[in-house]
């Protein structure tokens, strides 16, 4: 079923849902409650730059156990927990963790590194976190982005997998990069048709997928700039920081050269460079700058590394099952659903979106510009509309009852349809809810698919009628009691009154109303029972037809099994004949070999006799005689 909710002077929302077998169909809610609902409003947001220590002036290099090689960072990670749900706690150590204040003597709020982990727990579903990064690139369409590329890279330091998300959007200036690494800042909150609003999505998504992320961004602006920023939970955890510290490097183009853009001192800039080299997959400044050769004149390149493991010690993201897809392991992957997707290709998006990024991305956006491409591991993702999986569609306009705070002009253009595989009675159903062009509730199940009352029935009609009768009876008694109390003067006690005539009239009126109400309810119940009876008869006919069809199928199955058994027997007979023929030929060949050997021996003997006879008849032998 497709819902297009259009609000005048408010945001437009879109809903899609499917119908299956004469009932509204819904689908299980993914991950948990409001994960995608919350994630859609989070993006690569921007914050006031003063809330993050940039540059690393608060962390003297002498107090931080830095090493020259980046392999030590890998060793630290190996010792720490690599499972996301167990990586939230660590002890703060180090001599640099002392209170300090900002200029002017005012204490400022500090964000503990543990918040990176706890903030990322809003994503219980890994693909929901990865979709956040895609949202950033889609928002860059207004700045000229024509593609977003998601791929897998190899860390040259340790051979581990890294995740790449790259687009050719407008890129980020040095100030914008600092906003991106901060919390709560969003320059897109007042921009129409953008998904990001709250300045939190970039941090939650990257920290949910891996322990560390490094960002390369190139921006034209008034003067071309390139920026490098690293948000490393491994660095913060391993050095025992009690505040989030983000090392960043900026370069400015002058002529054909990229010159360092200092925001404070040269020592701070070099300290940032050393920290990034130590805790990133790149071993030198040249390696870092080489990443910009893989980009266009503008855009952003995000690399996530030290990706999280699952409970079995394997990467949570599965890169090996499909070389053109990124899948996830665990509870979201159901082999039976994968088989169902192969059997019912029209419903494959319902069965596989929970573990396949390619399938999930194909339905993630309601509309995409034709010139914009999403490329996943070298192959373009084909955009798919859920409404194309429906048949027997019907469109209606729905106007909900106005409530407090809800505009009265809200309406919804509803397209209701059945899934094309509904005739097979498969459990495919749900509302697919889109907000600002973004899927926030895929196949949202809003009621049970089937129960003792029937498929898609929320509550039986008889039970609903009984509840309504009880409610009306209570309201009638309340009204009658109120009228009786209002008829008495204030100076007369209602408990001691002797107005028998008034009570009698009220009682008569009450009885008449109650009898009329009972008659209406009995008539309504009778009508409902008649409807239920007709439905039961219809269901009985359908059941009988289904049983007849099953019997026919069983007969056909038995015939096929008999044919298969006969074919097996014929095959066995042919195999036996072939085996006998092969044995016979082997024996014949052996006999022929023996005869040829005997003939060869006879020929040799005859040849010797001929030689002897020749020698006897030679002239030399005659002279001797």
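Numbering (my numbering), first residue to last: 8 to 632.
The beta-carbon is built from N, C-alpha and C at its ideal position, and this holds for glycine as well.
Proximal residues to residue i (C-beta, below 8 angstroms), its chain only, five neighbours per side dropped
i           : result
residue 321 : 336
residue 77  : Low confidence applies here, because residue 77 scores a pLDDT of 37, under 50, leaving its location unreliable; read the following figure in that light. The residues are 164, 284, 285, 286, 287, 288, 289 and 290.
residue 569 : none
Residue i vs residue j beta-carbon contact at 7 angstroms
i           : j           : result
residue 189 : residue 140 : no
residue 331 : residue 380 : no
residue 215 : residue 138 : no
residue 255 : residue 287 : no
residue 359 : residue 366 : yes
residue 302 : residue 226 : no
residue 306 : residue 158 : no
residue 333 : residue 296 : no
residue 119 : residue 249 : yes
residue 310 : residue 221 : yes
residue 323 : residue 329 : no
Cut-off 7 angstroms between Cβ atoms - residues of its own chain near residue i, not counting five sequence neighbours on either side
i           : result
residue 400 : 422, 423 and 424
residue 38  : Model confidence at residue 38 stands at a pLDDT of 36, short of 50, so the residue's coordinates are unreliable; what they give is reported in the following sentence. 131, 132 and 135.
Among the options, the one whose alpha carbon lies nearest that of residue i
i           : options               : result
residue 121 : 588, 247, 415 and 434 : 247
residue 155 : 169, 136 and 176      : 176
residue 186 : 264, 208 and 571      : 208
residue 163 : 231, 294 and 264      : 294
residue 435 : 522, 127 and 355      : 355
residue 374 : 362, 391, 383 and 361 : 391
residue 152 : 170, 382 and 318      : 382
residue 450 : 524, 531, 384 and 361 : 361
residue 430 : 353, 613 and 589      : 353
residue 433 : 368, 448, 351 and 567 : 351
residue 264 : 271, 275, 605 and 232 : 232
residue 447 : 561, 618, 582 and 132 : 132
residue 172 : 592, 384, 276 and 571 : 384
residue 184 : 145, 555, 144 and 253 : 253
Classification of residue i by the beta-carbon crowding that lies within 10 angstroms, buried from 16 upward
i           : result
residue 348 : buried
residue 397 : buried
residue 546 : exposed
residue 147 : buried
residue 552 : exposed
residue 428 : buried
residue 536 : exposed
residue 239 : buried
residue 325 : buried
residue 599 : exposed
residue 585 : exposed
residue 241 : buried
residue 289 : buried
residue 284 : buried
residue 51  : Note that residue 51 scores 37 on pLDDT, short of 50, meaning its location in the model is unreliable; the coordinates nonetheless yield the value given after this. That one is buried.
residue 81  : Because the pLDDT of residue 81 is 37, which lies under 50, any placement of that residue in the model is unreliable, and the number read from its coordinates should be weighed accordingly. The residue is buried, with at least 16 neighbouring Cβ atoms inside 10 Å.
residue 580 : exposed
residue 613 : exposed
residue 89  : buried
residue 405 : exposed
residue 622 : exposed
residue 442 : buried
residue 548 : exposed
residue 279 : buried
residue 245 : buried
Distance between beta carbons of residue j and residue i, contact taken as under 8 angstroms
i           : j           : result
residue 314 : residue 228 : With 8 angstroms as the limit, residue 314 and residue 228 do not qualify as a contact, their Cβ atoms being about 33 angstroms apart.
residue 298 : residue 223 : 5 angstroms
residue 372 : residue 219 : Residue 372 to residue 219, Cβ: 28 angstroms. No contact.
residue 394 : residue 407 : Their Cβ separation, rounded to whole angstroms, is 22 angstroms, which puts residue 394 and residue 407 out of contact at 8 angstroms.
residue 308 : residue 260 : Contact flag wrong, Cβ pair sits at about 17 angstroms.
residue 340 : residue 142 : Contact doesn't hold; Cβ gap of about 24 angstroms is too wide.
Close Cβ partners of residue i (< 6 angstroms) along its chain, the five nearest in sequence each way excluded
i           : result
residue 257 : 181, 234 and 268
residue 127 : 211, 214 and 215
residue 538 : none
residue 170 : 311
residue 117 : 250
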